[in-house]
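What follows is a single structure, written as structure tokens, with notes after it.
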Amino acid sequence: MTVMYVISINYKKAPLEIRERFAFPVEAQHAFLKECRERGELAESVILSTCNRMELYTQFVEEETKGEDGAREAYAVSRWERMEEAVCAARGIPMELCRRYGSCYYGEGALRHLHRVACGVDSMVMGEDEILGQVKAAYYQAMEAGCTGFALNTIFKSAITCAKRIKTDTSLSKTSVSLATLAAGRIMGFLKGREKPQVMIIGITGATGGSVMKNIRGHKEITLIGTSRRHGADGQVIGMEGAVMIPYEERYAWMGRCDVIVSATGSPHYTVSSRQWRQARERAQEAGEAPPRVLFLDLSVPADIDRQVAAYGELCQMDYFRELARSNNEKKQEAKKSAEHMIEEYLNILKKELFFHDILQEIPVMKKAAASLTFEQVLYRVRDHADYEEMKGFFGALQKVLKEG
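Here the sequence shown stands for residues 170 to 574, numbered as in my numbering.
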């Protein structure tokens with residue numbers, strides 16, 4: 170039997186400074202998956218790392234555990250410990266931090282957790298659109314790395330399909346309030362009354378940065394400046410019409426005269442350092458182009474912006490948006506109930522598929538044993554060896570099958 174285990178460091182228990190330490194840049198994810206595959210016991214794993222969570226999903230071949238619940242729990246803990254050790258070793262983090270701030274799931278609880286994450290029910294901003302794409306990207310990355318088998322493939326496909334249906338059939342993602350829309354609202358409030366303001370978005374070609382741009386691009390008074398590491402032959406970046414695109418390396422030459430600076434990248438290093446920001450600010454002041462106060466929005470984990478720049482204005486990091494998201498989440502409680510109901514429907518189908526796959530290899534043996542018994546003997550043996558609920562379920566399913574002919 171195969172069982173999925175999950176360890177999660179997320180916004181519910183871990184503050185920003187802890188989530189930063191557990192964050193996996195893309196390159197580190199590739200290296201981690203390769204190590205998981207090579208070490209064997211974690212060979213079937215998916216790593217999900219976003220602004221608000223780091224999660225490791227691992228499929229273990231489960232041995233039959235006998236005894237009391239305490240013995241089974243101890244067995245599960247040993248699985249989680251192996252996962253925690255691998256994550257902490259990869260990020261250079263003490264194990265006690267993972268145990269203090271982490272959450273653990275296995276079996277049906279792990280399946281339910283993944284489905285809730287994928288559809289946005291478990292998100293800081295309930296119903297956000299970005300998380301489904303992030304789950305899909307994490308799954309495809311693991312699949313390409315050779316780290317998924319039948320079980321993980323089936324589980325993640327179920328979660329993704331379920332999330333798509335919830336987004337279509339419920340209002341959970343309708344009039345969606347995402348991190349990008351919250352950031353855009355904060356920008357517009359800050360810029361109110363300013364003449365010809367300039368907004369720089371570092372990482373404008375990414376999912377979050379691009380969404381922020383789309384939410385404020387229609388305001389004609391705003392000059393949008395976007396950085397990119399990839400430019401076309403004519404210097405333009407497809408889809409970034411309406412923004413002044415500059416090479417990432419030239420950002421400090423423009424930064425000092427911007428009213429708002431947004432950073433949303435996957436960089437493991439600061440995109441805005443305090444020392445280089447001060448120099449850019451001083452140059453803008455000498456030219457008479459520096460705004461009185463600046464709004465910094467750091468939409469990344471680990472942090473993109475050096476916290477010391479807050480001396481020049483306002484710095485809003487991920488935990489700031491958590492507070493803004495609360496009222497949005499309260500309005501979506503009815504949609505959440507519908508989504509939770511759909512999740513249970515998909516979990517029922519998924520559990521049956523996984524169970525049937527596990528038992529397939531035993532069917533030839535059962536068929537051979539059943540050949541020497543009459544139909545009535547099989548029924549009586551089920552009665553004698555099954556408890557009430559098992560017997561009730563067996564005969565209920567048998568009646569349905571026989572009625573269908």
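No residue lacks a Cβ here, since even glycine has one placed at the ideal position from N, Cα and C. Computed from a prediction, not measured in an experiment: that's the story for all the values here.
Contact under 8 Å by Cβ, residue i with residue j
i	j	result
cysteine 427	methionine 369	yes
isoleucine 415	threonine 434	no
tyrosine 439	aspartate 473	yes
valine 290	alanine 508	yes
alanine 197	alanine 243	no
glutamine 228	glutamate 213	yes
valine 429	leucine 360	yes
leucine 464	isoleucine 391	no
leucine 266	alanine 287	no
alanine 422	valine 381	no
threonine 330	glutamate 522	no
glycine 516	leucine 280	The residue you asked about is not glycine; residue 516 is leucine in the sequence shown. In this structure, leucine 280 lies closer than 8 Å to leucine 516 by Cβ.
aspartate 475	serine 496	no
phenylalanine 563	alanine 555	yes
isoleucine 262	phenylalanine 193	no
arginine 452	tyrosine 481	no
lysine 550	methionine 560	The identity of residue 550 in the sequence shown is arginine, whereas the question assumes lysine. Cβ distance not < 8 Å, so arginine 550 and methionine 560 don't count as in contact.
Pick from the options that is closest to residue i, judged by C-alpha positions
i	options	result
valine 230	Met535, Ala555, Ala352 and Leu321	Leu321
threonine 171	Arg552, Val551 and Phe524	Phe524
arginine 491	Leu348, Ala200, Gln303 and Pro461	Leu348
alanine 255	Ala328, Leu202, Ser292 and Glu558	Leu202
threonine 337	Ala504, Val570, His526 and Glu573	Ala504
tryptophan 446	Leu468, Pro437 and Glu419	Glu419
lysine 326	Gly482, Arg190 and Ile518	Ile518
tyrosine 270	Lys520, Glu559, Tyr180 and Asn497	Tyr180
histidine 388	Gly411, Val195, Arg552 and Arg476	Gly411
serine 436	Gly372, Arg450 and Glu499	Gly372
glycine 375	Glu299, Arg285 and Gln546	Glu299
arginine 268	Ile528, Ala183 and Ser442	Ala183
glutamate 364	Gln303, Lys383, Ala332 and Pro461	Pro461
alanine 200	Glu573, Arg188, Leu542 and Val215	Val215
glycine 379	Arg285, Thr350 and Thr339	Thr350
Backbone secondary structure at residue i - three-state DSSP
i	result
alanine 306	helix
glutamate 224	strand
tyrosine 174	strand
cysteine 485	strand
proline 194	coil
leucine 185	helix
valine 169	The chain is shown from 170 up to 574; residue 169 falls before or after that span and cannot be answered.
methionine 295	coil
tyrosine 180	coil
isoleucine 532	helix
threonine 234	Its pLDDT being 45, under 50, threonine 234 is placed unreliably by the model, and the measurement read from it follows with that caveat. Looking at threonine 234 - three-state DSSP - the assignment turns out to be coil, as it is neither helix nor strand.
aspartate 467	strand
alanine 566	helix
leucine 519	helix
glycine 395	strand
serine 272	strand
alanine 332	helix
alanine 412	strand
aspartate 403	Bear in mind that a pLDDT of 43 at aspartate 403, under 50, signals an unreliable position, so the number given afterwards is only what the model happens to contain. Aspartate 403: coil per DSSP, three-state reduction.
serine 342	coil
isoleucine 512	helix
serine 436	coil
isoleucine 373	coil
leucine 542	coil
leucine 217	strand
isoleucine 385	helix
isoleucine 262	coil
lysine 537	helix
Cβ separation of residue i and residue j, assumed to be a contact under 8 Å, to the nearest whole Å
i	j	result
methionine 264	leucine 225	Not really, about 14 Å apart at Cβ, beyond 8 Å.
glutamine 367	isoleucine 385	12 Å between Cβ atoms; not a contact.
proline 185	valine 470	What sits at residue 185 in the sequence shown is leucine, not proline. Yes, they are in contact, since the Cβ atoms of leucine 185 and valine 470 sit about 7 Å apart, within 8 Å.
lysine 501	glycine 354	About 17 Å; that fails the 8 Å criterion.
arginine 144	cysteine 316	An answer regarding residue 144 cannot be provided, because it is not within the stretch 170 to 574 covered by the chain.
alanine 328	leucine 283	5 Å
alanine 459	glycine 425	6 Å
heavy atom of the ligand ATP below 7 Å from residue i C-beta
i	result
leucine 283	Only the bare structure without any ligand can be found here, which leaves the ligand ATP out of the picture.
Task: Inter-stretch contact (C-beta, 8 Å, three-pair minimum) for the segment 339 to 355 and the segment 307 to 314 - done: no
Task: Validate contact between the segment 266 to 280 and the segment 174 to 192 using beta carbons, cut 8 Å, 3 pairs - done: Look at the beta carbons and you see the segment 266 to 280 touching the segment 174 to 192: at least three pairs across the two are nearer than 8 Å.
Open item on the list: Contact between the segment 291 to 310 and the segment 216 to 223 is defined here as three or more beta-carbon pairs at a separation below 8 Å; is this criterion met?
Closed with: yes
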